[in-house]
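Chemist: Here this note's numbering runs 804 ahead of the position in the sequence shown, where the first position is 1.
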Amino acid sequence: MEEVKEMQHKEKENMGSVTKTDEKISSESTGEVTNVVSDSGAAVKPSEEPKARFNRMKLFNKVMQKSLEKFIEHASFNRFASTFRQVYTKNPQRMESIYKQFIEDVKKAIQEDIDRLIEEGRLEVKLNELDKLERAAKNKTEPAWRPSGVPEEDLCSFLIPYYQKQEKYMQRELKKIQDENAALAQKVQAGRENIARTENHISNVVDEWKASAAKFEKLSSALCSADVFGV
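(1) Can you list, in chain order, the residues of its chain with a C-beta nearer than 8 Å to that of residue 825? Leave out the 5 residues immediately preceding and following it.
(2) Three or more C-beta pairs under 8 Å: does that hold for the segment 895-914 against the segment 878-885?
(3) From residue 859 to residue 933, what does the alpha carbon distance come to, in whole angstroms?
(4) Short of 7 Å in beta carbon distance, which residues of its chain neighbour residue 1014, apart from the five on each side in sequence? Order them along the chain.
(5) Below 8 Å on the Cβ atoms is my guess for residue 775 versus residue 910; work out the distance and round it to an integer in Å.
(6) For my contact list, residue 951 and residue 958 are in at a C-beta cut-off of 8 Å; report their separation, rounded to the angstrom.
(7) Going by C-alpha to C-alpha distance, which of 931, 895, 1022 sits closest to residue 864?
(8) Looking at the secondary structure, which residues open and close the alpha helix (DSSP H) in which residue 1001 lies?
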């Protein structure tokens, strides 16, 4: 019973520390966001651009680390031991060693997932794009788009410009293909004409060769006759 009361007391202390951690995360995150907004609200110089991006990435990393710490605090040793009470009562030191190894493996796995999320999601590039969107939005005077409340109209207002762009793109591609086909047709026609000229030239050469051969045969037959040699 004393062990249970002590574990419950420690559990309450851990929950209190978790609440304080939540408040600290909220205040720090709010402060970071305020700083980022104030930085983006001012005229951003080229030299200040990397700093703004660093602040966004720093804020994301801080939130992830605080969330990881909060998760680890929830997975306290008391809860771990209460889940495996029989093992804990038999060998508390062994249970504590297992718990430490478990926490290290969990931290490592979560941190690897966060790093993979940043890399595969191209988070830094997306944050840079967010900076560009913010800077571009400052120069716009017209009101931003808002949903009308009618899903069909909102969907059409979004899809129609997209399909119009696709239609123009397809028309350009069709015109390009038609021009390429016309050029190829001209090349084919020129090739056919060249082949026809070549065939005609070959036919004329063959006719001339046949005529020459006939003349040679006639001349040779005349030279080889018996009257010529007086036989």
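Glycine residues also receive a C-beta, built at the ideal position from the N, C-alpha and C atoms.
A quick note: this is a predicted structure, and the numbers were derived from the prediction, not measured.
Modeler: According to the data block:
(1) For residue 825, the pLDDT reaches just 46, beneath the cut-off of 50, and the residue's location in the model is therefore unreliable, leaving the point undetermined.
(2) yes
(3) 14 Å
(4) None.
(5) Summary: the structure shown does not reach residue 775, with the chain confined to residues 805 through 1035, and so no result is reported for it.
(6) Their Cβ separation, rounded to whole angstroms, is 5 Å, which keeps residue 951 and residue 958 in contact under 8 Å.
(7) 931
(8) 955-1027
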